[in-house]
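Residue numbers (my numbering): 203 to 421. Note that CB positions come from ideal geometry on N, CA and C, so glycine has one too. One structure is given here, and the rest of the page talks about it.
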Amino acid sequence: MRTAPPSPSRPRRSPTHPRSLSEAIISTSPEPTLWLSTDTCALGPYRADLVETYWRWEQDPALLVGYGRQSPESLEARTEGMTHQLRGENIRFTIYDLSTGTPTPAGVTALLPDHSVRTAEYVIMLAAEARGHGLGTAATRLTLDYAFHITNLRMVWLKVLTPNTAGIRAYEKAGFRTVGAMREAGYWLGDVCDEVIMDALAKDFAGPSAVRAALGDSR
203 MRTAPPSPSR PRRSPTHPRS LSEAIISTSP EPTLWLSTDT CALGPYRADL
253 VETYWRWEQD PALLVGYGRQ SPESLEARTE GMTHQLRGEN IRFTIYDLST
303 GTPTPAGVTA LLPDHSVRTA EYVIMLAAEA RGHGLGTAAT RLTLDYAFHI
353 TNLRMVWLKV LTPNTAGIRA YEKAGFRTVG AMREAGYWLG DVCDEVIMDA
403 LAKDFAGPSA VRAALGDSR
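Printed below as a string of structure tokens:
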């Protein structure tokens, strides 16, 4: 995994390590800023101007089932919630699909940190048109790279409903391991199901690292 070199034809990239948390997760510029990238995927700031796009993705029935939510959310409520998200301490990124040559918003990843123990819960959301092409795995690896090498977390964990086998496989490819399950903790298509717990440790993160590459470290 590497950071693509800048060129006049690609969007401007900001420094890998922003000066403050607010600078790290808030951007309203219409020109996408890309912080970390592979050849096909990039992470950039969470953007207030994309709230309607995020809302549209979140109302997809497949996502509602996967998250265990049971009802849609109004755009008005989502817009109000966006204000709280931008002021919060959680770390959120916009996923960009680079496969067409033009950075296209394709999803969101988030780290919900517990700084007292240097861990965070991981959440990802992909647009319907972005699924099935490995983008989720690539975005997850980039988020772990950021978590371990910039935020200095030692462990990232997640929850996923047991029937979501495609999601579990993608997390495994990105470096997560199953460590347990919460029995009958969720619903899938009306049926009670278990919720799998997975984690990834900083010491187990296998390179290459886009963060290290951005700093000229080849490890």
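Using the beta-carbon count (16 or more within 10 Å), is R271 buried or exposed?
exposed
Taking DSSP as the reference, what is the three-state secondary structure of F295?
strand
Is R258 near the ligand COA, judged by its Cβ being under 7 angstroms from some heavy atom?
Only the bare structure without any ligand can be found here, which leaves the ligand COA out of the picture.
Could you compute how far the alpha carbon of A376 sits from the alpha carbon of T242?
Taking the straight line joining both Cα atoms gives about 15 angstroms.
Can you tell me whether DSSP reads E397 as helix, strand or coil?
Three-state result, E397: strand.
Should H317 go down as buried or exposed, given a rule of 16 or more other Cβ atoms within 10 Å for buried?
exposed
Have a look at the DSSP bridge pairing and note the partners of K361.
I399
Give the straight-line distance between the Cα atoms of A404 and M357, rounded to the nearest whole angstrom.
Computed Cα separation, rounded: 6 angstroms.
Quick check on this structure: which residue in A332, V362, G369, F378 has the alpha carbon closest to the alpha carbon of R385?
For the residues A332, V362, G369, F378, the minimum Cα distance to R385 belongs to V362.
If I follow the unbroken beta strand (DSSP E) through D316, where does it start and stop?
306-316
To the nearest angstrom, report how far apart A383 and A312 are at their CA atoms.
So the two alpha carbons sit approximately 22 angstroms from each other.
First and last residue of the beta strand (DSSP E) that includes P247?
Segment 243-247, the beta strand (DSSP E) holding P247.
Give the secondary structure of L288 by DSSP, where H, G and I count as helix, E and B as strand, and everything else as coil.
helix
Using the Cβ count rule (16 or more neighbours within 10 Å means buried), how would you classify V310?
Counting of Cβ neighbours within 10 angstroms places V310 among the buried residues, the total reaching 16 or more.
Rounded to whole angstroms, what is the Cα-Cα separation between A308 and V394?
30 angstroms
Mind checking whether A341 and L245 have CB atoms under 8 angstroms apart?
yes
Assign W237 to one of three DSSP states: helix, strand, or coil.
coil
CB contact flag (T281, Y248, <8 angstroms)
no
Report the rounded CA-to-CA distance for D401 versus D347, giving the unit in angstroms.
14 angstroms
Could you say which of E374, V413, A412 lies nearest to V398 if we only look at CA atoms?
E374
Going by DSSP, what residue range makes up the alpha helix (DSSP H) through A376?
367-376
Rounded to a whole number of angstroms, what is the C-alpha to C-alpha distance between A322 and T304?
Here the alpha carbons of T304 and A322 stand approximately 31 angstroms from one another.
Please look up how many angstroms separate the CB atoms of R320 and N354, rounded, as I've assumed it's under 8 angstroms.
With 8 angstroms as the limit, R320 and N354 qualify as a contact, their Cβ atoms being about 7 angstroms apart.
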